[in-house]
Amino acid sequence: MMTQANQFGKVGVLFGGRSAEREVSLMSGAGVLKALRSKGVDAHPFDPAERSLAELAAEKFDRVFIALHGRYGEDGTLQGALEQLGIPYTGPGVMASAIAMDKVMTKRIWLGLDLPTPRFAVLDSAAMPREALRQVPDVLGLPLMLKAPHEGSTIGIAKVAGYSDMQDAFKLCAKYDEVVLAEEFVTGRELTVPVLGKGRDARAYPVIEIRAPEGNYDYQHKYFTDDTKYLCPAPIDEALTQRVQELAVKAYNALGCRGWSRVDFMLRASDNEPFLLEINTSPGMTGHSLVPMSAKQAGMSYEDLCCEILKLAALDLKPSKDWKPHSSTDADVSEEG
0 MMTQANQFGK VGVLFGGRSA EREVSLMSGA GVLKALRSKG VDAHPFDPAE
50 RSLAELAAEK FDRVFIALHG RYGEDGTLQG ALEQLGIPYT GPGVMASAIA
100 MDKVMTKRIW LGLDLPTPRF AVLDSAAMPR EALRQVPDVL GLPLMLKAPH
150 EGSTIGIAKV AGYSDMQDAF KLCAKYDEVV LAEEFVTGRE LTVPVLGKGR
200 DARAYPVIEI RAPEGNYDYQ HKYFTDDTKY LCPAPIDEAL TQRVQELAVK
250 AYNALGCRGW SRVDFMLRAS DNEPFLLEIN TSPGMTGHSL VPMSAKQAGM
300 SYEDLCCEIL KLAALDLKPS KDWKPHSSTD ADVSEEG
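Take 0 as the starting number for the sequence shown in numbering that gives the first Met the number 0 and just add one per residue.
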């Protein structure tokens, strides 16, 4: 592993950031940093909320491990900056990251490819009349879910059990986004599947079933309590396991993902039909996180998982060999033009 560690060069671990998921990102990044250093990797912490892109460029990292969650780290914006700087990074590229961060666009692409996802409606956060809001359950049924499409870690999400719950649930989600995703509630079991690799080489890891108290897999139960039960491998038969894993890879490739991600499902209780919910393109790496749990079931330690993800760091656009920075003369000409 030391030889591989030397090949990684100087590595930046990006964590913290400015999103609503900063607290979780700090935990993920601390774990990744410790793991990489334990393997002999020359790894250094970098918090984009406290340091500028100019400082990131000045560090001259050979590659970076993105342990940021949510906006400004998982949504394609940082990926675009790293493309400009020519620094290979972990996880999906600009386009896939941006699409996956938007639950509405993700669902539209899946539906276009006939991949199963719950029925939904898009609600305007700024102009949604009370009467129109009350009609949403008539279309999607009850219960239903309201979600802020650009948030993660169960932030900006609410379950609506009855008509009287719609207004308060909508106000909660609307605080986080310009639109609110209203989604059909699929009664059943919650599953998640990590995927590593790219294209034909993308591989699904063991399926995990999540059993939260009263089905409430919220922020607290996800990261800070031991009440939630995780079953890995999920107690489903081999044929269904294979079907869910194949669907996870299809969903991953449909968005153009590479590196690694985690695909979330609901398995409908009435007929064991799987429905795609979302893709996390920079999944958690905390002590409660699911990708390390699945990797462990597959025989891979947390430390080796971090190195494997780092090994997959890449750029979507490789600079051409004859590229040179514009000269001051070029800049003067363009300004005059």
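C-beta: ideal position from N, C-alpha, C; glycine also.
Please read all numbers here as calculations on a predicted model, not as lab measurements.
The Cβ-Cβ distance between V192 and S293 falls below 9 angstroms. Of the residues assessed, V179 falls on the buried side of the cut-off, its CB having 16 or more other CB atoms within 10 angstroms. For the pair of segments examined, the region 46 to 66 was found to touch the region 75 to 92: the number of CB pairs separated by less than 8 angstroms reaches three. For N279, the three-state secondary structure derived from DSSP is strand. Take P232, set aside five residues on each side of it, and the residues of its chain with a beta-carbon closer than 8 angstroms to its own are P205, V206, I207, T240 and Q296, in chain order. The beta carbon of L114 sits closer than 8 angstroms to the beta carbons of L246, K249, A250, A253 and L275 from its chain, once the five residues preceding and following it are set aside; these are given in chain order. In the DSSP assignment, V63 forms a beta bridge with G11 and Y88. With a contact defined as Cβ atoms closer than 8 angstroms, M284 and A42 miss out at about 13 angstroms. Secondary structure of V185 (DSSP, three-state): coil. The Cβ atoms of V185 and R261 lie no closer than 9 angstroms to each other. Between A201 and D176, the beta carbon gap of about 29 angstroms keeps them out of contact (Cβ cut-off 8 angstroms). Leaving aside the five residues that flank R70 on each side, the residues in its chain whose CB is nearer than 6 angstroms to its CB run, in chain order, S18. For R210, the enclosing beta strand (DSSP E) has its first and last residue at I207 to R210.
When C-beta atoms of the region 131 to 148 are compared with those of the region 158 to 167, three or more pairs fall below 8 angstroms, so the two segments count as touching.
Taking V40 as the centre and dropping the five residues before and after it, the same chain places the C-beta of A4, F7, V10, C306 and L309 closer than 8 angstroms to its C-beta, in chain order. Selection P128, A80, R199 and K174 evaluated against I154 yields K174 as nearest (Cα-Cα). The DSSP assignment places 259 to 267 as complete runs of the beta strand (DSSP E) inside the region 235 to 272, in order along the chain (cut-off: 3 residues).
Selection C256, R210, I235 and Q78 evaluated against R199 yields C256 as nearest (Cα-Cα). A distance below 6 angstroms between beta-carbons, with the five flanking residues on each side excluded, links I278 to the following residues of its chain, in chain order: A99, S260 and V262. Inter-residue distance for V103 and V121 is about 8 angstroms (C-alpha atoms, whole angstroms).
For the 9 angstroms CB-CB criterion, V93 and D315 form a contact.
With a contact defined as Cβ atoms closer than 8 angstroms, P44 and L55 miss out at about 12 angstroms. One thing to note: A268 has its Cβ no nearer than 9 angstroms to the Cβ of R210.
Here A312 is near V63, since their CB atoms are less than 9 angstroms apart.
Boundaries for V103: no beta strand (DSSP E) harbours it, while the alpha helix (DSSP H) harbouring it runs K102 to G111, taken from the DSSP string.
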